[in-house]
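Structure first, commentary second.
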Amino acid sequence: MSEILINIDTASQSIIIENGQDRLSLRKVNDRQYVDAKAGLNIFTILKLSGSKLRISTANGGILPLYYRIEANGISFSNYPHLLIRSGDAITISAQILASRLIGASNQLYNPFISIPMLQDSSVYEFENGQIRYAGSTLHEDDKASYQSIRDFWIERFRSYAKEDGNICVPLSGGYDSRLNLAMAAHAAEDMSKLVCVHEYKDDIEQGIAREVADKYDVPLIMVGRNDMLEQGKALSLTEDYILKAGLNRDNVRRWTCHLSNVIASYGDKTRIIGFGAEPHKGKFYRQIESLDEIPPLFFTGRRRVKEAVKLIHDGKEKDFHDETLHSLISQAKQIYTKKSSQIDYVHYFAYVVDSYGYRSRYFADMHDIDFPQFNHGFLNTVFSLPREEKEAFLLNRRMMDEFGSPVANVPYTSANQKSLDKKMSFISKLYKYGKARLGPRQLKGWRDDVGLRSSKADSVLTTSLLKILDEKNPLFSRNEIITAYNYFSLLQDKYNVDYKLI
Numbered sequence: 002m003s004e005i006l007i008n009i010d011t012a013s014q015s016i017i018i019e020n021g022q023d024r025l026s027l028r029k030v031n032d033r034q035y036v037d038a039k040a041g042l043n044i045f046t047i048l049k050l051s052g053s054k055l056r057i058s059t060a061n062g063g064i065l066p067l068y069y070r071i072e073a074n075g076i077s078f079s080n081y082p083h084l085l086i087r088s089g090d091a092i093t094i095s096a097q098i099l100a101s102r103l104i105g106a107s108n109q110l111y112n113p114f115i116s117i118p119m120l121q122d123s124s125v126y127e128f129e130n131g132q133i134r135y136a137g138s139t140l141h142e143d144d145k146a147s148y149q150s151i152r153d154f155w156i157e158r159f160r161s162y163a164k165e166d167g168n169i170c171v172p173l174s175g176g177y178d179s180r181l182n183l184a185m186a187a188h189a190a191e192d193m194s195k196l197v198c199v200h201e202y203k204d205d206i207e208q209g210i211a212r213e214v215a216d217k218y219d220v221p222l223i224m225v226g227r228n229d230m231l232e233q234g235k236a237l238s239l240t241e242d243y244i245l246k247a248g249l250n251r252d253n254v255r256r257w258t259c260h261l262s263n264v265i266a267s268y269g270d271k272t273r274i275i276g277f278g279a280e281p282h283k284g285k286f287y288r289q290i291e292s293l294d295e296i297p298p299l300f301f302t303g304r305r306r307v308k309e310a311v312k313l314i315h316d317g318k319e320k321d322f323h324d325e326t327l328h329s330l331i332s333q334a335k336q337i338y339t340k341k342s343s344q345i346d347y348v349h350y351f352a353y354v355v356d357s358y359g360y361r362s363r364y365f366a367d368m369h370d371i372d373f374p375q376f377n378h379g380f381l382n383t384v385f386s387l388p389r390e391e392k393e394a395f396l397l398n399r400r401m402m403d404e405f406g407s408p409v410a411n412v413p414y415t416s417a418n419q420k421s422l423d424k425k426m427s428f429i430s431k432l433y434k435y436g437k438a439r440l441g442p443r444q445l446k447g448w449r450d451d452v453g454l455r456s457s458k459a460d461s462v463l464t465t466s467l468l469k470i471l472d473e474k475n476p477l478f479s480r481n482e483i484i485t486a487y488n489y490f491s492l493l494q495d496k497y498n499v500d501y502k503l504i
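Per the working numbering, the very first residue in the sequence shown carries number 2; after that it's consecutive.
Here is the structure:
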């Protein structure tokens with residue numbers, strides 16, 4: 002998906018679409034609806050444009066991040082925030098969101114730009130008189146939701162993969178999501194020789210499990226290490242296109258970009274890479290949450306560390322921790338769903354999957370044409386509406402694998418969620434005992450910095466503070482996250498002559 006910029010002049014009711022220099026990725030269906038030209042996926046629909054009033058519905062199921070900026074005569078949208086920056090801008094940034102990303106806090110929100118907000122997926126918005134407001138969700142509670150509809154959706158999607166000309170590559174971890182992807186690919190495949198798996202080494206136990214899963218399906222497994230792509234990753238991290246499109250993404254984006262580029266180079270440009278998995282169908286947090294009011298501290302840990310980090314990047318200024326976004330999502334969930342499990346799924350999805358995990362997924366979809374069927378609107382609507390007992394503790398995944406005679410039913414799996422639900426020590430002991438028997442070639446556990454620091458024409462207060470933190474080697478922060486942020490903000494500064502204001 003290339004860069005997209007959409008300007009809507011509500012005064013003249015004109016719509017101007019500018020596409021990046023890559024393949025055309027936005028197609029006008031009619032005067033109101035715009036879709037991704039390649040996949041036919043809805044990006045957003047103009048529900049109403051009359052007088053000075055605009056009503057739109059955003060992308061179904063997290064297909065595309067939609068940022069907006071209110072203009073003098075209307076409003077502009079883009080899938081990348083830098084396309085909405087004007088030369089000489091003063092850009093306002095949330096110190097809390099930026100700090101949470103720099104220290105690697107859990108479930109952190111992605112977009113730090115206050116002056117360039119990101120609309121929520123699967124939602125309706127109204128714009129009038131220079132103001133935009135949330136007007137509801139396109140998701141709804143479906144009393145007819147069933148396991149069968151989930152199963153049929155997944156089978157249809159994987160059969161479409163099997164009909165393509167190229168190979169099918171499944172990134173394989175030790176968990177259930179990638180295992181289900183492989184099971185479905187094998188079930189749909191007319192030619193098993195087209196399947197290949199790739200595994201990034203984290204530890205010996207997970208490597209042994211991934212190797213066992215691939216062996217059970219008789220599928221080749223490409224083993225890659227976190228240190229394998231140091232020079233390639235460092236070179237990538239300094240390119241303008243990567244910096245602008247990856248933004249403040251986690252360091253694993255850079256590694257996997259290199260890994261997958263090499264897979265495509267080996268197996269052909271038509272290689273279909275199947276998604277890394279997503280969260281909405283896993284049935285998480287039901288046992289941990291008695292009341293929705295418990296969600297903010299559970300979903301956003303490390304508050305004291307974030308407050309300390311804010312002081313260091315914000316010239317010693319204190320700032321209270323705010324949970325407005327989570328409280329807003331909780332309120333929305335209560336309005337849409339009656340079941341508590343559905344409410345938890347909704348908040349978890351929009352607090353983590355769409356914003357943090359989702360942005361990384363969209364980057365991979367852009368750069369490597371990876372499909373993430375779990376972001377499909379109909380899939381989400383069904384999963385959210387299912388009763389708790391049909392999806393808790395990965396039941397959907399296990400049920401589908403059992404139905405198709407998966408040969409890996411007795412192979413253990415790794416899951417941070419399961420570790421919190423079971424007795425941790427007995428679970429780890431079981432995995433360790435099993436994994437020792439499946440060890441492959443041992444690889445380095447260490448992981449050196451693989452991010453290059455770009456040269457900037459001049460530094461702002463923000464980028465200067467980032468360099469200071471880097472020089473002081475403050476253990477509160479992630480070195481790679483600091484360098485990534487510096488590269489991003491300094492490039493925007495050099496390219497658009499912007500100034501930053503933290504609040």
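All C-beta atoms in this analysis are idealised placements derived from N, C-alpha and C, irrespective of residue type, glycine included.
Have a look at the DSSP bridge pairing and note the partners of residue i.
| i | result |
| --- | --- |
| GLN132 | GLU129 |
| LYS502 | THR93 |
| GLU201 | VAL225 |
| TYR69 | PHE78 |
| ILE274 | CYS170 |
| ASP372 | ILE275 |
| LEU196 | ILE169 |
Give the single residue among the options whose Cα lies nearest to the Cα of residue i.
| i | options | result |
| --- | --- | --- |
| ARG59 | ARG152, HIS378 and PHE490 | Looking at the sequence itself, residue 59 is Thr, so the reference to Arg does not match. The residue with the shortest Cα to Cα distance from THR59 is HIS378. |
| ASP270 | PHE376, GLU165, TYR487 and PRO408 | GLU165 |
| VAL499 | LEU477, ASP460 and LEU468 | ASP460 |
| LYS308 | GLY176, ARG56, GLN97 and ILE244 | GLN97 |
| ILE331 | CYS170, TYR360 and ASP294 | ASP294 |
| CYS170 | LEU237, LEU84, ILE265 and GLU191 | ILE265 |
| GLU129 | LYS285, ILE76, LYS195 and ARG306 | ILE76 |
| ILE484 | GLN375, TYR268, ARG255 and ASP321 | ARG255 |
| ARG56 | ASN228, LEU222 and ALA136 | ALA136 |
| ALA394 | GLY406, THR415, PRO374 and ILE274 | THR415 |
| VAL225 | LEU173, ARG306 and LYS235 | LEU173 |
| ARG160 | ARG273, PRO118, SER147 and SER457 | ARG273 |
| ALA73 | GLY131, LEU313, GLU319 and LEU120 | GLY131 |
| GLU232 | PRO221, LEU222, LYS217 and THR258 | THR258 |
| ASN382 | GLU291, HIS282, ASP472 and ARG363 | HIS282 |
| PRO82 | ILE337, ASN112 and LEU327 | ASN112 |
| ASP495 | GLU241, GLU391 and LEU67 | GLU241 |
| TYR360 | GLY248, GLY167 and ILE86 | GLY248 |
| LEU85 | LEU140, ILE117, LYS320 and LYS235 | ILE117 |
| LYS195 | GLY303, TYR268, ILE223 and LEU492 | TYR268 |
| HIS349 | HIS323, PRO374, ILE296 and SER457 | ILE296 |
From which residue to which residue does the alpha helix (DSSP H) around residue i run?
| i | result |
| --- | --- |
| ILE531 | The structure shown does not extend to residue 531, since the chain spans only 2 to 504, so no value can be given for it. |
| ILE244 | 241 to 247 |
| MET402 | 396 to 404 |
| THR415 | From DSSP, THR415 is part of no alpha helix (DSSP H); its letter is neither H nor E. |
| PHE380 | 378 to 386 |
| ILE290 | Unbroken run through ILE290: none, as it is neither H nor E. |
| SER466 | 462 to 473 |
| GLU116 | In the sequence on display, residue 116 carries Ser and not Glu. Premise fails: SER116 is in no alpha helix (DSSP H) and is neither H nor E. |
| SER267 | 252 to 268 |
What are the boundary residues of the beta strand (DSSP E) that includes residue i?
| i | result |
| --- | --- |
| THR139 | No beta strand (DSSP E) contains THR139, which DSSP labels as neither H nor E. |
| THR93 | 91 to 94 |
| GLY75 | 75 to 79 |
| ILE223 | 222 to 225 |
| LYS235 | Element bounds for LYS235: not the beta strand (DSSP E) but the alpha helix (DSSP H), 231 to 238. |
Contiguous alpha helix (DSSP H) assignments of at least 4 residues, all confined to the region 300 to 361: You should have 304 to 314, 325 to 337 and 341 to 349.
Are three or more beta carbon pairs between the region 372 to 391 and the region 336 to 356 nearer than 8 Å? Of all C-beta pairs linking the region 372 to 391 to the region 336 to 356, three or more are shorter than 8 Å, placing the two stretches in contact.
Inter-stretch contact (C-beta, 8 Å, three-pair minimum) for the region 149 to 164 and the region 180 to 198: Enough Cβ pairs lie closer than 8 Å, so yes.
List in chain order: all unbroken alpha helix (DSSP H) runs of 4+ residues lying wholly within the region 162 to 191. You should have 177 to 189.
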